[in-house]
Amino acid sequence: MGQVKLEIGGRSFMVTCQDGEEAHLGKLAAMVSEKAGEAGDPAGLTESRMLLFTSLLLADELHAQKKAPPPAAPASASSGLADEKTVAALEKLAERAESFANSLEQATDSA
1 MGQVKLEIGG
11 RSFMVTCQDG
21 EEAHLGKLAA
31 MVSEKAGEAG
41 DPAGLTESRM
51 LLFTSLLLAD
61 ELHAQKKAPP
71 PAAPASASSG
81 LADEKTVAAL
91 EKLAERAESF
101 ANSLEQATDS
111 A
């Protein structure tokens, strides 16, 4: 088991983690510390209040992301499917036009 010292809101926390997770926890702590800065002056808050406000800010951000509509599919992916359908429809139309033209030629030759 590894141990890592995390700095959040100007305060230090020792955390035990799986070996190799130290860097990841450090990045997460940096994100939490950034939110703690948004929560207000860390010197004026108790540790529990700072963590409470930070948690609420993070929860609000997560809630907003979950409420947001999913990103639209890339235009190239959706237009590629439409292009395939259009090409297939145009090919069928061209075949029908050729068939009609051949029928007219045969009718003209017979007359």
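The sequence shown begins at 1 in the UniProt record's numbering and counts up one residue at a time. Heads up, the beta-carbon is just placed ideally off N, CA and C, and yes, glycines get one too.
Check whether residue i and residue j have beta carbons under 8 Å apart
i, j, result
"THR54", "VAL32", "yes"
"LEU6", "GLY37", "no"
"LEU57", "ALA39", "yes"
Whole-angstrom distance between residue j and residue i, CA atom to CA atom
i, j, result
"VAL87", "GLN65", "38 Å"
"LEU90", "LYS35", "56 Å"
"GLY10", "ALA59", "21 Å"
"MET14", "HIS63", "29 Å"
"GLU22", "LEU45", "27 Å"
"ALA72", "LEU93", "32 Å"
"GLY2", "LEU28", "16 Å"
Per-residue burial, residue i [other beta carbons within 10 Å of its own, 16 or more giving buried]
i, result
"residue 163", "Look at the range of the chain in this structure, 1 to 111, and you will see that residue 163 is not part of it."
Of the residues the options, the one placed nearest residue i, counting alpha carbons only
i, options, result
"GLU47", "ILE8, GLN106, GLU95", "ILE8"
Extract the residue ranges of the alpha helix (DSSP H) inside the segment 12 to 43, only unbroken runs of 4 or more that lie entirely within it. 22 to 39
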